[in-house]
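Chains as they are written, first to last, in the working numbering: chain X, 129 to 477; chain C, 5 to 110.
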């Protein structure tokens with residue numbers, strides 16, 4: 129993907145577009161602080177959207193029952209007046225501070241080579257980064273990015289190869305169907321003859337299998353064979369626990385996502401058991417100007433609740449205001465009565 | 005109260021008491037049983053509370069439902085006696101239940 133080489137300058141940079149990151153846009157926006165958000169997922173909403181979009185949540189104040197996706201949709205509507213900019217499907221790899229006092233800035237870089245310069249950073253990364261689940265196959269690390277891939281970045285890279293795709297969801301079936309025309313051969317492996325993928329993909333896959341254009345086998349991969357990261361075949365276990373070998377030189381395992389702390393550990397912040405300690409007045413980390421809100425932070429009495437994250441966002445925004453507008457006195461105002469705030473929300477009479 | 009035995013992949017036993025009505029995952033987390041990650045907190049959304057039900061207990065525990073089977077696709081080394089512990093409700097009939105935790109959850 130080609131990125132504009134320009135540096136994106138922003139008041140606040142929010143890492144994580146889950147419910148807490150979204151509500152931070154609102155609290156910052158009321159204080160005239162513009163925000164950009166970055167999330168590793170290709171969609172907005174964090175765990176609410178990825179793990180439980182349809183599951184009801186019962187402890188959001190004012191909502192006896194609301195689904196994860198509804199909450200995300202409502203938050204998006206709530207922050208609309210502040211026009212946040214989203215950068216999705218990108219992981220923040222580097223975060224460093226430079227300058228002092230009013231000239232203090234945070235330089236942020238993503239794995240998509242996008243660069244930011246922010247006056248403050250709010251880490252709202254929840255359980256960390258959603259990363260592909262790696263199957264516990266011995267030595268799989270030495271094949272990764274050479275002949276084993278957890279995502280298809282360039283379809284052409286699979287041309288002429290014997291590709292084994294493992295999984296039964298949309299990623300597995302979509303790529304099996306997509307790579308079939310250009311690959312030497314495509315084999316789809318799944319642990320059962322039932323697929324979670326969209327029905328039309330399943331139908332298309334079965335059609336290709338019936339035509340002999342694609343192979344479908346049932347089982348699980350247990351071992352890899354090859355040398356220098358170049359795969360030659362995989363050992364497999366069938367449903368009846370018998371074993372067999374399958375020749376292939378590309379393996380694509382699609383086992384969904386898992387949460388890992390990821391690069392956050394390398395940003396020079398104090399950490400405690402993979403969480404970021406903060407104070408309970410400003411929710412600031414050990415580095416002034418970098419805040420941590422929501423599930424990613426820790427402090428005495430911390431509860432990993434969405435509502436706690438909302439409160440933390442509001443207080444962090446107050447301190448952020450002091451960094452961004454050091455000369456301005458902050459007046460505490462209510463959205464119910466302040467014409468000034470209502471103008472910002474676009475609801476002033 | 006009933007007793008549940010979590011055996012890890014190395015054979016280490018971990019007998020804990022469980023309240024009827026809780027899920028097996030909750031019992032594991034409450035007793036800090038190693039080998040159960042339960043990343044999603046019981047929403048049947050992550051497959052990191054995977055256990056193997058002892059063959060002698062399979063019938064009493066019963067099979068996985070459709071949503072759980074779908075989620076088991078994300079688990080590793082899935083066997084015919086694989087279940088997600090967040091979907092197993094503790095009942096009096098499960099007193100003495102034996103399950104094994106896999107080598108890795110993710």
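Just so you know, even glycine gets a beta-carbon here, dropped at the ideal spot from N, CA and C.
Have a look at residue 315 of chain X and residue 410 of chain X and give me their C-alpha separation to the nearest angstrom.
Each residue's CA atom was taken as its position, placing residue 315 of chain X and residue 410 of chain X some 54 Å apart.
Going along the stretch 288 to 304 of chain X in order, which residues come within less than 8 Å of chain C, judged by CB to CB distance?
295, 296, 297
Going by the DSSP bridge assignment, what does residue 167 of chain X pair with across the sheet?
X/216
My assumption, with CB atoms under 8 Å, is that residue 55 of chain C sits in contact with residue 87 of chain C. Please give the rounded CB distance.
6 Å
Counting only Cβ-Cβ distances shorter than 9 Å, please list the residues of the stretch 167 to 185 of chain X near chain C, keeping chain order.
Those would be 175, 178, 179, 180, 183, in chain order.
Would residue 76 of chain C pass as an interface residue toward chain X - the criterion being a Cβ-Cβ separation below 9 Å?
yes
How many angstroms separate the CA atom of residue 456 of chain X from the CA atom of residue 443 of chain X?
In a straight line, the C-alpha of residue 456 of chain X is about 17 Å away from that of residue 443 of chain X.
Is DSSP giving residue 302 of chain X helix, strand or coil here?
helix
Starting from residue 56 of chain C, trace the beta strand (DSSP E) in both directions and tell me its first and last residue.
54 to 57
Is the shortest distance between the beta-carbon of residue 110 of chain C and the beta-carbons of chain X less than 9 Å?
yes
Go through the stretch 252 to 294 of chain X residue by residue and report every complete run of the beta strand (DSSP E) that reaches 3 residues or more, in order.
Segments of the beta strand (DSSP E) lying fully in the stretch 252 to 294 of chain X: 257 to 260, 290 to 294.
With contact counted as at least three CB pairs below 8 Å, one residue from each stretch, are the stretch 384 to 401 of chain X and the stretch 355 to 371 of chain X in contact?
no
Over what stretch of residues does the alpha helix (DSSP H) that includes residue 76 of chain C continue unbroken?
70 to 76
What residues from chain C crowd round residue 327 of chain X, counting only those whose CB sits closer than 7 Å?
Those within 7 Å of residue 327 of chain X in chain C number zero; the least Cβ separation is about 14 Å.
How would you list, in chain order, the residues of chain C whose beta-carbon sits under 7 Å from the beta-carbon of residue 373 of chain X?
Those within 7 Å of residue 373 of chain X in chain C number zero; the least Cβ separation is about 18 Å.
Taking all protein chains shown into account, decide if residue 462 of chain X is buried (16 or more other Cβ within 10 angstroms of its Cβ) or exposed.
exposed
Answer yes if the stretch 381 to 390 of chain X comes into contact with the stretch 224 to 239 of chain X, meaning at least three C-beta pairs across the two stretches below 8 Å, and no otherwise.
no
Can you find a CB in chain C that lies within less than 9 Å of the CB of residue 428 of chain X?
no
Of the residues C/77, C/37, C/110, which one's Cα is nearest the Cα of residue 16 of chain C?
C/37
Could you tell me whether any Cβ in chain D is nearer than 9 Å to the Cβ of residue 348 of chain X?
Looking at the structure shown, chain D is missing, and the protein chains on hand are X and C.
Do residue 156 of chain X and residue 139 of chain X have their C-beta atoms closer together than 9 Å?
yes
Please identify, using Cβ separations under 7 Å, the residues of the stretch 372 to 406 of chain X that lie next to chain C, in order along the chain.
383, 384, 386, 387
Report the residue ranges of all alpha helix (DSSP H) runs contained in full by the stretch 424 to 452 of chain X; include only those spanning at least 4 residues, in chain order.
434 to 452
Could you check the C-alpha separation between residue 373 of chain X and residue 302 of chain X for me, to the nearest Å?
Whole-angstrom Cα-Cα distance: 25 Å.
Chain C partners of residue 261 of chain X, CB-CB under 7 Å?
Correct list: 78, 110.
So is residue 425 of chain X buried or exposed if we call it buried at 16+ other beta carbons inside 10 Å?
buried
Given a cut-off of 9 Å, decide if residue 204 of chain X and residue 150 of chain X are closer than it, judged by their beta-carbon atoms.
Yes, these two residues count as a Cβ contact at 9 Å.
Pull the bridge partners of residue 378 of chain X from the DSSP assignment, please.
X/291
In this structure, how does DSSP classify residue 130 of chain X when only helix, strand and coil are distinguished?
Residue placement at residue 130 of chain X is poorly supported in this model, since its pLDDT is 46, which falls under 50; the coordinates still yield a value, given next. Three-state result, residue 130 of chain X: coil.
Fully enclosed by the stretch 333 to 419 of chain X, which beta strand (DSSP E) runs are 3 residues long or longer?
Counting whole runs of 3 or more residues, the stretch 333 to 419 of chain X contains the beta strand (DSSP E) stretches 343 to 346, 348 to 355, 358 to 365, 371 to 375, 378 to 381, 385 to 388.
Can you tell me whether residue 48 of chain C is helix, strand or coil according to DSSP?
coil
How big is the Cα-Cα spacing for residue 59 of chain C and residue 212 of chain X?
54 Å
Can you tell me the Cα-Cα spacing of residue 337 of chain X and residue 308 of chain X, whole angstroms?
11 Å
At the 9 Å Cβ level, is residue 198 of chain X part of the contact set with chain C, yes or no?
no
What residue ranges within the stretch 144 to 208 of chain X form continuous alpha helix (DSSP H) runs of no fewer than 4 residues, ordered along the chain?
147 to 158, 174 to 178, 196 to 207
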